[in-house]
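Asker: Sending over a structure as structure tokens; questions will come in a sec.
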Amino acid sequence: MKLSFVLLTLAVTLALGMTGCSRSGANSADGPATTTAAAGSQHGDFGPPQGEPIHAVLTSPPQVPPPTHRDKPAKVIVDLEVIEKEMPISEGVTYTFWTFGGTVPGSFIRVRQGDTVELHLKNNPNNKMPHNIDLHGVTGPGGGAASTFTAPGHESQFTFKALNQGIYVYHCATAPVGMHVANGMYGLILVEPPEGLPAVDHEYYVMQGDFYTTGKYREKGLQPFDMERAIDEKPTYVLFNGSEGALTGDKALAAKTNETVRLFVGNGGPNLVSSFHVIGEIFDRVQQEGGTHPQENVQTTLIPAGGAAIVQFHTEVPGSYVLVDHSIFRAFNKGALAILKVDGPENKAIYSGKEVDSVYLGDRSNPNLAAVTHATSAATKGNLTLEDQIKAGQQLFTGTCSVCHQATGEGLPGVFPPLAKSSLIAEDPKRTVQILLHGLNGKVVVNGKEYNSVMPPMSQLNDDEMANILTFVLNSWGNPGGRITTDEVAKARTTPASPAPAGEH
Amino acid sequence: MKSLLCLAFAAAAFAAPADAAEYAGLPGGVFASVLPADANNADVKVAPFRLRREPVTNAEFLVFVKAHPEWRRDRIASVFAEPRYLAQWTAVDVLGTEAKPDQPVTQVSWFAAQAFCASEGARLPSWSEWEFAAAADATRADARSDPAWRAAILNWYAQPSTQPLAHVGGAANVYGVRNLHGLIWEWVDDFNALLVASDSRDQNDPDRLRFCGAGALNLRDRDNYAVLMRIALLSSLKAANTTANLGFRCAKDGAGDGR
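In order, the protein sequences belong to chains A and B.
Going by my numbering, the first sequence opens with residue 1, and the numbers climb by one from there.
Going by my numbering, the second sequence opens with residue 506, and the numbers climb by one from there.
Right under this line is the structure:
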């Protein structure tokens, strides 16, 4: 059914000799999927350019040029300058980037399907290297690379017709290609469908890249490129828009609640593919791989190296939304992190914020820790008895302490001191709290025997658990009895370790 | 009368730089170039030759221009050099503050470089000769397998060229030649025959065999991208081009006595 509609549309288009501007179906807000009549390079030539040549508006990331708002093919002149420059890649770290337009990623280019694009590539006279450009939106060998190979201080020009709509990567393709790309020589060109893209509240330009430096992650100073790491595909940095912090803090992307945000997300590589994800948002629609037909309700979209996607979502809840490469070590250990800050009134019906923070015992609630569960519950209600504590402590002791001190409390001669009839406990029962919290390191004499070993702090235990274990120990094996309360442990935890009393008695 | 005087002056000047310039003798030999001699990755044969120990400086080129005013930037034929030729000099025959006497001369075209070398009885080195000399380090004739050799070259690429060029000199390699790496690009005689494709990626293009050598398509040591980048730069040039980082040195045939 749909196919026949498409064919019919196509037939009508051909019959009328129309060369574009077919707005059929484009009136739907989510329209691009219905522009099939104009899809494909065979249907992207809307004839010779009309009107005076237009100079393309180029923008630095994260900004995107305004829509072309044109309904006729035009001649569009793009002036792109290659600049080699030292810029920050992280706090206190610089890198000699090679750039299209002085930024990483390079200037965003926006044209309309059917436009004739006259591209001028200028290689700044102060540059060392020759450069060229391969635009994935070009139909023709090399994507323009051979036509734009340019020495420093020179300018090349070539012209192409943008036959296919979509979002396309461009990059330098001069030998060694990987190094030019790794130094930041990539950007995006958007070829709008003839009817344009549906209006949204915000459009932003985000592009991921991987970087290879001889120094470690965040090692200060000017960091040279490391070809070995690049060949091994082991980046030091994985970044959005060319530096750590390019899109965080004051430079975070911004939107308000109840707005539609469209991101043009590219991946320059040179090596890694991106699992692009926005924490806390679901992409309402994604033009995967920059293609025409959108996928809807997407959590994470894969963006190949040398590829791009258009993602769109609607904001409901205010807050900071973190853009990441969900190959997640890249986000938190290599820099692939950006922020979209959404301002506006809370919407508790959609997202409440934290409502409950209560104890969850999980698999502790099995029968053999029933006493622990009971003690915890009793403590909450305020009717915890000494008996409850001893029972819970016994079960916890079995799991945590008996490996060394043995289930009998006798310890191991010469290695682990005994807890049974312990002279050390009898001397100062409250000191056991300090030992549990901070561990015990070095010589101690217990029941006349010297021990010299290490007990690590048991800080994984909570205050309840410690109090119960110690109460159990105090009331077992001939020890003097008594009780340690949760409050005592909590208080001890917030005070620094007291210097241990001399171990020799 | 006037032209005769000029001629006499020129002849006198002709002798001066030839005496001043020091050449090192290099033995040549069979050499594994990054651009193999043929499609079977044959080694390149380099005959014994002499090479200027240092790149040509602004001061030396000024002497040349004064002796051969047809190479002044206001008189040079436009086919021989683009407008940026020697633009860093204050005047046609004055270096000024931007161009120091002992800095290497840059912003010179291949034609001008060749004319300079001819003026001291020399020529531009071939790529093979230049590469042969540049393979050395302070102690070895061929240090190219040493990561430190490569790192030194790459370090230069990582420096943005916003600082003034250093003056010539510094550490000599095993042949007594200086500044082959880390200072400037250098013209070679056959820069336009290196055949690095302007799109370096079309390695298996069916057209490749139409070109003799098809050198760039067969770079045999792809790991040696440090050298490859120099070839890429040379390949991007036309003989009248000049750039801020491109100078030259001269070569002569035969082992000679180093003069």
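The beta carbon of each residue, even a glycine, is placed where N, CA and C say it ideally should be.
Can you give me the start and stop residues for the alpha helix (DSSP H) that Ala-492 of chain A sits inside?
Answerer: Residues 486–494.
Asker: Ser-653 of chain B: which of B:Thr-562, B:Asn-729 and B:Phe-536 sits nearest, CA to CA?
Answerer: What sits at residue 653 of chain B in the sequence shown is Ala, not Ser. It is B:Asn-729 whose Cα lies nearest to the Cα of Ala-653 of chain B.
Asker: Alpha carbons only, please: which of A:Ile-89, A:Gln-113, A:Thr-116 and A:Asp-115 is nearest the one belonging to Thr-103 of chain A?
Answerer: Answer by Cα proximity: A:Ile-89.
Asker: What are the residues in the region 582–598 of chain B lying within 7 Å of chain A by C-beta distance?
Answerer: Cβ contacts with chain A come from Arg-589.
Asker: Judging by CA-CA distance, which residue of B:Val-613, B:Ala-656, B:Asp-651 and B:Gln-619 is the nearest neighbour of Asn-750 of chain B?
Answerer: Out of B:Val-613, B:Ala-656, B:Asp-651 and B:Gln-619, B:Val-613 has the C-alpha closest to the C-alpha of Asn-750 of chain B.
Asker: Of all the options B:Pro-665, B:Ser-740, B:Leu-733 and B:Ala-572, which has the alpha carbon lying nearest to the alpha carbon of Asp-694 of chain B?
Answerer: Measuring from the Cα of Asp-694 of chain B, the nearest candidate turns out to be B:Ser-740.
Asker: Name the DSSP bridge partner or partners of Lys-605 of chain B?
Answerer: In DSSP, Lys-605 of chain B forms no bridge with anything.
Asker: Work out the CA separation of Ala-145 of chain A and Glu-355 of chain A for me, nearest whole Å.
Answerer: Between Glu-355 of chain A and Ala-145 of chain A, the C-alpha separation is close to 58 Å.
Asker: Taking only three categories from DSSP, how would you classify Thr-163 of chain A?
Answerer: This sequence places Leu at residue 163 of chain A; Thr is not what is there. Here Leu-163 of chain A sits in coil by DSSP.
Asker: If you reduce the DSSP assignment to three classes, tell me which class His-686 of chain B lands in.
Answerer: DSSP places His-686 of chain B in coil when its eight states are reduced to three.
Asker: For Thr-373 of chain A, report the span of its alpha helix (DSSP H) as first-last.
Answerer: Taken as a continuous stretch (DSSP letters only), the alpha helix (DSSP H) holding Thr-373 of chain A covers 370–381.
Asker: With a cut-off of 8 Å, do at least 3 Cβ pairs link the region 198–206 of chain A to the region 289–299 of chain A?
Answerer: Segments in contact, no.
Asker: Assuming Pro-67 of chain A and Glu-233 of chain A make a contact with CB atoms under 8 Å, what is their CB distance in whole Å?
Answerer: Wrong, their Cβ atoms sit about 38 Å apart, outside the cutoff.
Asker: For a test of the three-state rule: what should DSSP assign to Asp-134 of chain A, helix, strand or coil?
Answerer: If DSSP states are grouped into helix, strand and coil, Asp-134 of chain A belongs with the strands.
Asker: Nearest to Gly-681 of chain B by alpha carbon, out of B:Pro-669, B:Ala-640, B:Ala-656 and B:Leu-699?
Answerer: Selected option, being the one with the closest Cα: B:Ala-640.
Asker: At the level of alpha carbons, what is the spacing between Phe-240 of chain A and Val-673 of chain B?
Answerer: Answer to the nearest angstrom: the Cα atoms are 41 Å apart.
Asker: Give a yes or no on whether the minimum CB-CB distance between Arg-684 of chain B and chain A is below 9 Å.
Answerer: Correcting the residue identity first, residue 684 of chain B is Asn in this sequence and not Arg. Output row for Asn-684 of chain B: interface = no.
Asker: Along the chain, where does the beta strand (DSSP E) containing Gln-208 of chain A start, and where does it finish?
Answerer: Looking at the DSSP string, the run of the beta strand (DSSP E) that includes Gln-208 of chain A is 202–211.
Asker: In chain A, what lies closer than 9 Å to Thr-749 of chain B by C-beta?
Answerer: For the sequence presented, residue 749 of chain B should be read as Ala rather than Thr. Under the 9 Å cutoff, chain A gives Pro-125, Asn-126, Asn-127, Lys-128, Pro-152 and Gly-153.
Asker: Report the rounded CA-to-CA distance for Ala-731 of chain B versus Asn-183 of chain A, giving the unit in angstroms.
Answerer: Straight-line Cα distance between these residues: approximately 15 Å.
Asker: DSSP puts Asp-325 of chain A in a beta bridge; with which residues?
Answerer: According to DSSP, which records beta bridges pairwise, Asp-325 of chain A is partnered with A:Phe-276.
Asker: Exposed or buried, which one is Ile-484 of chain A when buried takes at least 16 other CB atoms within 10 Å?
Answerer: Buried.
Asker: Report buried or exposed for Val-117 of chain A, applying the criterion of at least 16 other Cβ atoms within 10 angstroms of its Cβ.
Answerer: The residue in question, Val-117 of chain A, is buried, as its Cβ has 16 or more Cβ neighbours within 10 Å.
Asker: With DSSP collapsed to three states, give me the class of Glu-691 of chain B.
Answerer: Strand.
Asker: Scan the region 96–121 of chain A for residues whose Cβ lies nearer than 7 Å to a Cβ of chain B and list them as they occur along the chain.
Answerer: Listed by position, the residues of the region 96–121 of chain A near chain B (Cβ gap below 7 Å) are Thr-96.
Asker: Let me know the secondary structure DSSP gives Ile-109 of chain A once reduced to three states.
Answerer: Strand at Ile-109 of chain A.
Asker: Would you mind reading off the limits of the alpha helix (DSSP H) that contains His-438 of chain A?
Answerer: Run containing His-438 of chain A: 431–438, per the alpha helix (DSSP H) assignment.
Asker: When you compare only the Cα positions, how much space is there between Val-261 of chain A and Tyr-204 of chain A?
Answerer: Approximately 8 Å between the Cα atoms of the pair.
Asker: At a Cβ threshold of 9 Å, is Pro-609 of chain B touching chain A?
Answerer: Not closer than 9 Å to any Cβ of chain A, the Cβ of Pro-609 of chain B fails to qualify, so no.
Asker: Alpha carbons only, please: which of A:Phe-313, A:Val-206, A:Gln-288 and A:Leu-436 is nearest the one belonging to Glu-259 of chain A?
Answerer: With distances taken between Cα atoms, Glu-259 of chain A lies closest to A:Phe-313.
Asker: Counting contacts by CB-CB distance shorter than 9 Å, is Phe-716 of chain B in contact with chain A?
Answerer: Here the model assigns Phe-716 of chain B a pLDDT of 40, short of 50, so the residue's position is not dependable and the matter cannot be decided.
Asker: Who are the Cβ neighbours of Ser-538 of chain B in its own chain at under 7 Å, not counting the five residues just before and after it?
Answerer: Excluding residues within five positions, the ones whose Cβ falls inside 7 Å are Val-549, Ser-633 and Glu-636.
Asker: For a contact meaning CB atoms closer than 7 Å, what does Asn-563 of chain B contact in chain A?
Answerer: None at all; the shortest Cβ gap to chain A is about 18 Å.
Asker: Within 10 angstroms of its Cβ, does Leu-412 of chain A collect 16 or more other Cβ (buried), or is it exposed?
Answerer: The residue is exposed, with fewer than 16 neighbouring Cβ atoms inside 10 Å.
Asker: Less than 9 Å between the beta carbons of Tyr-564 of chain A and Gly-137 of chain A, yes or no?
Answerer: Missing from the structure shown is residue 564 of chain A; chain A here goes from 1 to 505 and no further.
Asker: Can a CB atom of chain B be found closer than 9 Å to the CB of Pro-176 of chain A?
Answerer: Yes, contact with chain B.
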